[in-house]
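So the structure is just underneath, and the comments pick up after that.
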Amino acid sequence: MKIRILSMFLTVALLTVPLVACGKTAETDSFDGIYEDEEYVETDEDVVVVGFSQIGAESDWRKVNTESMKETFANAEGYELIVDDAQQKQSNQITAIRRFIQQEVDYIVLAPVTEDGWDTVLGEARDAHIPVIIVDRMVDANNSLFTCWVGSDFLLESKKVTSWMNKYFTMQGIDGSEINIANIQGTYGASSQIGRTSGLSQAVRDNGWNFLGAECGEYTQARGREIMAQFLNKYRDINVVYCENDNEAFGAIEAIEAAGRKAGNNIKDGEIMVVSFDGVSDEALDKAGEGKIACIGECNPLHGPRVLEIIENLEAGITPNKFEYVDESIYSGEDRITTISVDGQSYYVTVLNK
Amino acid sequence: MTKKLKNMTDTNLLLTITIVVFFLMYIGAIVFQGKGFLKPQTFFNILNANAALIILSCGMSLVMITGGIDISVGGVTALVSMCCAVYLDYKGGNVVGSLFIALGIGLAFGLVQGFLVAYLDIQPFIVSLAGMFFARGMTTIVNTNPFNVANEEFVALKETRVIIPGLGSVNKLGKYVNAYVEIGVVVAIIIVILMFIVLRWTKLGRSFYAVGGNKQSALMLGINVKRTKFLSHVICSLLAGIGGYVYFLHVGSGAASHAAGAEMNAIASSIIGGTMLTGGVGNIAGTFFGVLSLSTIQNIVSSAGLDQAWWTGITIAAMLCLFLVIQSVVMSRKNAAMKK
Amino acid sequence: MKKINTQIFIPIAALLILLLFNLIADPSFFKVTLGYNSVGNPVLSGYLMTVLDCGSELAILAIGMTLVTAATGGQDISVGAAIAIAGSVILRVLCGHDSRPTELQAPIIVAFLVACVVAMLFGAFNGVLVSIFKIQPMVATLILYTAGRSIAAWINNNELPIISDPKFGYFGGLIPGIAIPTPFFIAMGCVIVAALVLKFTNLGLYTQAVGINESSSRLNGLNPTFIKFLTFVILGLCVAVTALIKVSRLSSINYSVIAKDIEMDAILAVALGGNSLSGGKFNMWSSIIGAYVIQLLTTTLYKFNVQSDALPAYKAVVVILLVVFSAPTVRDKMEEISKKIKTRKVTKGVV
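Protein chains in written order, with the working numbering: chain A, 1 to 354; chain B, 355 to 694; chain C, 695 to 1045.
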């Protein structure tokens, strides 16, 4: 009998755990002025509810991206944003979108973890007449399944960086065959990884660089470091490493320095050139200024304002462009290269001061 | 006889707790989190997303009842989805063939692991740890990149929905939408019922409990302990193969990162459902509600719009902790009663 | 006595086989070169140095894991998550409120001690569940396994703290002027401390007694509950040391990736050392060698261009072969067969 009473008590205690959890966060967020007690999910007629399925918090880029969304919608009048962190799992994102549909949100914003496997769930959203805005990475699905896409042209980013590299090597009088390049890749299947990897392999073909090998660094610093340490052991003559985001580059630089080498542009003197993408954190730009990262292809994470603009347009009945690319630059500490050209079009390089 | 009776009451007590907790939690969600949870489809979505986990947990519970453990189920799930995806897309295979692949992989893991555990007396933890490593590694060897399956036959099966008559809700546009479940849920329910019947009313089922409860007395009862253990691992891995296919049917893609941590979720569900790792105690109905409780909690946490993902982990851990303490209290009470 | 000899023979044999394999396949594996890093400090680099460097965390964990295994007959699967917590604590103390401080907000030793206390508290939590509530270790530690990384992220508000002070990097990298990576020295320090403790206290004896038969050890005046609890607290200490090395390597932390799956490798180290995973007798040296064997295996596989994601498959094959050959039933069978061969009664088909 005693045990039964005890278990009843424990049950009640257990129940309060998630509720307390919710209550707490609602409290901390209440200064944003959006949430009103527990009922904040309730869709009022005049509040536009936006469900945002974010991939996770794996890199600086991603964190700035989430912040941008949260900040924009917190400051906008009459909007409410529900963020779901999928912890890098597609199945979590699918579940989240289904939940948004059941909650009857007005818009769904999706930052897909991979390109594949979205047809079914996007179809469900379409059937429920909820517009879906894809941000950052692409989805490999029928165009009618989503309203529009905002993000970066990852292939172009890559072409810019490789074109910068080629220009630099030519300037230094280094022949393509002397370049031994290895690739620390991003999360497999992500648009950014696909675009940046294919840009590299094109450049390797066109310029006759020696491609040593590739490993998946999952966009994290820890993996970047681990893989670079392996590369240094495996490929004694490596002189360029192509990282697909800044965090991987940070890891790679640490590994290079730990192995007694130096990260820098001067590959003739045994330095290892590191190139990367994103350029969102001050740390990355500082490293580029110091020359530890030779060149960074910018990837703009500030999607919040753009998404808000699209939603405002949709509310006003204006159809947005299906694909909207964000303008992006490239950063480097090397002041002798000020322009590069890709496919006949020339782009300016943002030269950073040391 | 009295001992068995006591065992049953424990099982039932733990089962009752689990079911009560699940319902209270769900009602709490409806009260505090608005109308999303009131729609039948929200509940069926939980089933849709967790059909594979239900199947995996059934196998896990069985192995745990016999006193073992199998942490390879998540890896097997990933391997099954990758192999089937490659077979369907690159090799131009058909759905029936892929189903056989799934069953074959499950069976192969079950036979090897079962043999090592039952006949060579190697710790199930180490055996299935190696199994997990092997399955995860093989998945990337089979194919590194994740990809979507475009095979028409398969997509048709994936899109097949079983309408639940009489249940539905009116959506935003004022249209009535019937609630549905995916094929995988039907499979999961059938497996739960089958396993429930086998464990409760067949001789084989009772021998699983006997082996887990007390090996010595099971031997004396004339039960072939080794064969029973072997069987439990074979069934568990076979269910992992089926679960893997159901998972594959749900996500429709092959990827090395699929079902990451599924083994731990399956163990947690079994424990919440009242199965004890010491063996001899457990109930498939409890496991079913264990999975539901686990995923409802996840749903509640994310519905609240807590983007801080850590709440999920912490609440699930708190829940686990509680159930374990309850179990421990139940066990010590039983031990005290037995000493008397 | 004979039993112990055969036990330490298992990891040593594995070590020799792997080394021999490398010697035949590519002797450059053994090449160690002296270079200078960016700041001009000497560095030894080469595959063997990688093994010594990266195997150290595992060796430290193996010490604690061996004790837990011996006393409780179960394993702690939460060490990876606990490392994330301890690492997060270290960074939180060092960083204070700003996630990118220009200078350290507290001395490193203070941060480390705080992490030790926290890790030991979490160890104690596991210990209480196992020893007082009598929950199986694997299940009890499943709680921390589930919550650990979330707690770690919560400690630092899910931010990415980065320490820029080069001194912090010494623990996971190099001390200027010493060409051998610091983690190796830290590991050796831990091993020496463990050896001294085992030699001058009864910890080893008591642990084994509890592991072999709990009730008879209680009759002999031991307190099994306390000893089980103690082993988890000791493992907590090992976790804190490992966490220091791990976060120092990166000068930062990634909550979901740091020390991922390290619990599996640590348990494997204990198993490779020939220790029974169901408790009782143990040999610390075997476990430590086991830890380095695992790292050697990993490094060897990397050298042969095995993709890091495919690595576990090969590891699994090696593990299965090892446990199969060290399984008592198999050994008995093999002895039987060798006897049969001696009596010239070779039967075909018996494996």
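Even glycine gets a Cβ: it sits at the ideal position worked out from N, Cα and C.
The structure presented is a predicted model; accordingly, all values stated were derived computationally and were not measured.
Asked	Found
C-beta atoms of Leu966(C) and Pro705(C) nearer than 8 Å	yes
Runs of beta strand (DSSP E) lying entirely within the stretch 257-311 of chain A, each at least 3 residues, in chain order	273-278 and 295-298
6 Å Cβ shell around Ile34(A) - same chain, five flanking residues per side excluded	Reliability fails at Ile34(A), whose pLDDT of 38 lies under 50, so the model's placement of it is uncertain and the value that follows must be treated cautiously. Here the set comprises Glu80.
Of the residues Ile340(A), Asn65(A) and Ile253(A), the one placed nearest Phe52(A), counting alpha carbons only	Asn65(A)
Min CB distance Ser656(B) to chain C below 8 Å	no
Classification of Asp246(A) by the beta-carbon crowding that lies within 10 angstroms, buried from 16 upward	buried
8 Å Cβ cutoff met for Leu553(B) and Phe562(B)	yes
Pair within 8 Å by beta-carbon distance, Cys299(A) and Ser152(A)	yes
Min CB distance Thr493(B) to chain A below 8 Å	no
Residues of its chain near Glu27(A), where Cβ-Cβ distance is below 8 Å and the 5 sequence neighbours each way are ignored	Residue confidence for Glu27(A) is low, a pLDDT of 36 falling below 50, so the modelled location carries little weight; the figure read from the coordinates is stated next. None.
Buried or exposed by the 16-neighbour rule on C-beta atoms within 10 Å, applied to Phe154(A)	buried
Under 8 Å between C-beta atoms of Arg98(A) and Glu124(A)	yes
Interface flag, Gln373(A) vs chain B, CB-CB below 8 Å	Chain A is shown only over 1 to 354; residue 373(A) falls outside these bounds and no answer can be derived.
Pro855(C) versus Pro1006(C): straight-line alpha-carbon distance, rounded	31 Å
Contact check, Thr220(A) vs Val941(C), beta carbons under 8 Å	no
Cutoff 8 Å: Leu678(B) Cβ touching any chain C Cβ	yes
Residue of Val1024(C), Asn999(C), Leu1016(C) and Lys1033(C) minimising C-alpha distance to Ile495(B)	Asn999(C)
7 Å Cβ shell around Ser30(A) - same chain, five flanking residues per side excluded	Confidence at Ser30(A) is low in this model, with a pLDDT of 36, below 50, so its placement is unreliable and the value that follows should be read with caution. Closer than 7 Å at the Cβ level, and outside the excluded window around Ser30(A), lies no residue.
Cross-chain neighbours of Leu1005(C) in chain B, by beta carbon under 7 Å	Gly491
Distance, Val804(C) Cα to Lys861(C) Cα	14 Å
Assigned secondary structure, Gln185(A) (DSSP; H/G/I helix, E/B strand, else coil)	strand
Phe550(B) - partner residues in DSSP beta bridges	In the DSSP output, where bridge partners are listed per residue, Phe550(B) has none listed.
Residues of the stretch 227-255 of chain A whose Cβ lies closer than 9 Å to any Cβ of chain C, in chain order	Ile227, Ala229, Gln230, Leu232, Asn233, Lys234, Asn247, Phe250, Gly251 and Glu254
Candidates Val885(C), Arg912(C) and Ala780(C), of which the one nearest Ala985(C) by Cα	Val885(C)
Beta carbon of Gln387(B) nearer than 8 Å to that of Ile654(B)	yes
DSSP beta-bridge partners of Gly151(A)	Tyr325(A)
Within-8 Å CB hit, Ala316(A) to chain C	no
Asp44(A) burial status per 10 Å Cβ neighbour count (16 or more: buried)	Its pLDDT being 47, under 50, Asp44(A) is placed unreliably by the model, and the measurement read from it follows with that caveat. Exposed, since its Cβ has fewer than 16 Cβ neighbours within 10 Å.
Buried or exposed by the 16-neighbour rule on C-beta atoms within 10 Å, applied to Ile381(B)	exposed
Any chain B beta carbon closer than 8 Å to Val351(A)	no
C-alpha distance - Phe231(A) paired with Ile238(A), whole-angstrom precision	8 Å
Classification of Ser332(A) by the beta-carbon crowding that lies within 10 angstroms, buried from 16 upward	buried
4 or more residues per run - each alpha helix (DSSP H) lying fully within the stretch 40-79 of chain A	60-75
Short Cβ contact (8 Å threshold) for Tyr530(B) with Gly522(B)	yes
Leu892(C) and Met978(C) closer than 8 Å at C-beta	yes
Ala614(B): contacting residues in chain A (beta-carbon distance under 8 Å)	Lys89
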